[in-house]
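The sequence shown begins at 1 in the UniProt record's numbering and counts up one residue at a time.
Note sheet for the following structure.
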Amino acid sequence: MFAQAIYMVGIGCGVLFWGVFADRYGRRPTLLLCVMLACLSGNGCAAVNSVQLFLVFRFMIAFCGIGAYCACFVTCMEMLGDWWRVVVGIAFCMPMSLGYMTLAVLAYFVRHWRALQVAVSLPGILYMAYYWVVPESPRWLLSRGRVNEAVTIMKRARLYNKMPVLDNLLTTQGRAEPGEATPAGCRPLAADGRMLALVGCLFVCWLVNSMVFYGILLNTGDFGDNIYMNAFLGGAVEIPAYAACIYAILRLGRRRPIALAMTVAGLSCLLTLAFDPAAWQRGWPVVCLGLLGRFGITASFGAIYVYSAELFPTALRNTGLAVCSVGSRFGGILAPMLQLLRDDVHPSLPVVVYGLSAVGSGLSVLLLPETAGRPLPETVADVFGDTRRSETHDTTAEQQPLDGPGIGHPERAPA
């Protein structure tokens, strides 16, 4: 439990540090540095004999791993248009489910924890190839006034997607001088009252998502006798959840699918109260409800990632996601604490907290702005439609190279 708490603290510290770092110095250097440090820390964790050093390396794995994930995710979001942001943004989460399933299989055959740690850490060396594969985010370069570098990357992309991109379209969007760029850091998020309320709502939503997700995860042993099979099935149910999430978001927008998915997860938790906790380990109805709750909260997690990335302006996108992810880590820390209270207070306490908080948080998302069909905001004012972008993004040239048909517009979507 303590090692898990240290891991969550590492993620919380990592998203804050690397979020600001990525907004100031770029997505690409953040990704490469985090990947290298996470790989070294993972292998170091398997080699140490000291408990203190083990906890330090666990902290560093989380600290650097989340930095790499967020930088890679934000880069994908910033390079794609509205349709592809949904598909790629949610599909981006599917490898985590595959990794969870793979870990269950590896843990079944590799029982020694040191060998298992090496088996999951050593392949990280392959990520060093990102140095030659992943470019800097053109949108971030434009937000920092580095127009020429963005134009070079976009011209290179044009060679692959075979779509015409006029040079003046890019230069129009990115004509801001470096000194005029939106400052990075957490302060701009609190400068506007509406933005602060938005961040607070997302923070709580991420916290509840994580708390319910890990709460169901920690109850895996209660759903049956074979923890390896239960873990494998838990990962397997996430893949159709992500697929359903993509379909729902494309059809219904962003807010309603999140609210629906969190409500399904919350009600699934509450419905388990109808069964005797002493009989949970052998109750297939509870197993099914647990998988349904896992399905709902997984779909919500995938959607909230995309939705949050679309709400924050470019210069603050990594920082905004970092603040939200801190809430997620608090949820990850609260989940095992609630499990401990189950024996001291009441066996049903964690389930009641998971269920009520999921339903309430899901409905609160309906109060936030809808982002479907809108370009990514460049300023805080754009988030709430206060500028001419909300009226002219379909006709002005400045947004087309990054959100138009050339890069992931619905008109380019496969039939």
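All C-beta atoms in this analysis are idealised placements derived from N, C-alpha and C, irrespective of residue type, glycine included.
Note that the structure is a prediction, hence the values are computed from the model and not measured.
Range covered by the alpha helix (DSSP H) that runs through residue i
i: R374; result: No alpha helix (DSSP H) holds R374; DSSP gives it neither H nor E.
i: G253; result: Taken as a continuous stretch (DSSP letters only), G253 belongs to no alpha helix (DSSP H), as it is neither H nor E.
i: S137; result: Note, S137: premise wrong, no alpha helix (DSSP H); not H, not E.
i: R114; result: W113 to S121
i: L80; result: Neither: L80 is in no alpha helix (DSSP H) and is coded neither H nor E.
i: D23; result: F2 to Y25
i: S308; result: W284 to L311
i: F109; result: M94 to F109
i: N226; result: First-last for N226: undefined, no H or E at that position.
i: N161; result: V147 to N161
i: P369; result: P369 -> no alpha helix (DSSP H), and no H or E assigned at all.
i: Y354; result: L349 to S364
For residue i, the three-state DSSP class (helix, strand or coil)
i: T319; result: helix
i: E238; result: helix
i: N219; result: coil
i: L198; result: helix
i: F384; result: coil
i: N49; result: coil
i: F57; result: helix
i: D192; result: coil
i: V35; result: helix
i: V264; result: helix
Option in the options with minimal Cα separation from residue i
i: L142; options: G26, A259 and D343; result: G26
i: S325; options: Q4, F17 and G362; result: F17
i: G296; options: G355, M154 and L53; result: G355
i: V20; options: G67, L55, A47 and A157; result: G67
i: C93; options: L122, S300 and G124; result: S300
i: R254; options: I90, G44, G65 and L80; result: I90
i: T371; options: F312, L334 and D343; result: F312
Neighbourhood of residue i by C-beta distance below 6 angstroms, restricted to the same chain and skipping five residues each side
i: Y7; result: R58 and A62
i: P257; result: A248, I249 and A303
i: G266; result: G355, A358 and V359
i: R294; result: I216, G234 and V237
i: L33; result: none
i: T263; result: V359 and G362
i: M60; result: S41
i: L334; result: M211
i: G320; result: F312
Cβ shell of residue i (< 7 angstroms), same chain only, five flanking positions each side left out
i: C13; result: F63
i: W140; result: G26, R27, E78 and T314
i: G327; result: F203, V204, W206 and L207
i: L116; result: L106, A107 and V110
i: T30; result: W18, F21, A22, G67 and A71
i: R194; result: F384
i: D192; result: V380
Anticipated Cβ contact below 8 angstroms, residue i with residue j, distance rounded
i: V87; j: I239; result: 14 angstroms between Cβ atoms; not a contact.
i: L340; j: C201; result: That pair is no contact at about 28 angstroms.
i: Y305; j: F73; result: 7 angstroms
Sequence-distant residues of its chain with Cβ nearer than 8 angstroms to residue i (five each side left out)
i: residue 422; result: Any answer about residue 422 is impossible in this case: the structure gives the chain only from 1 up to 415.
i: P336; result: M1, Q4, A5, Y214 and L218
i: R156; result: P135
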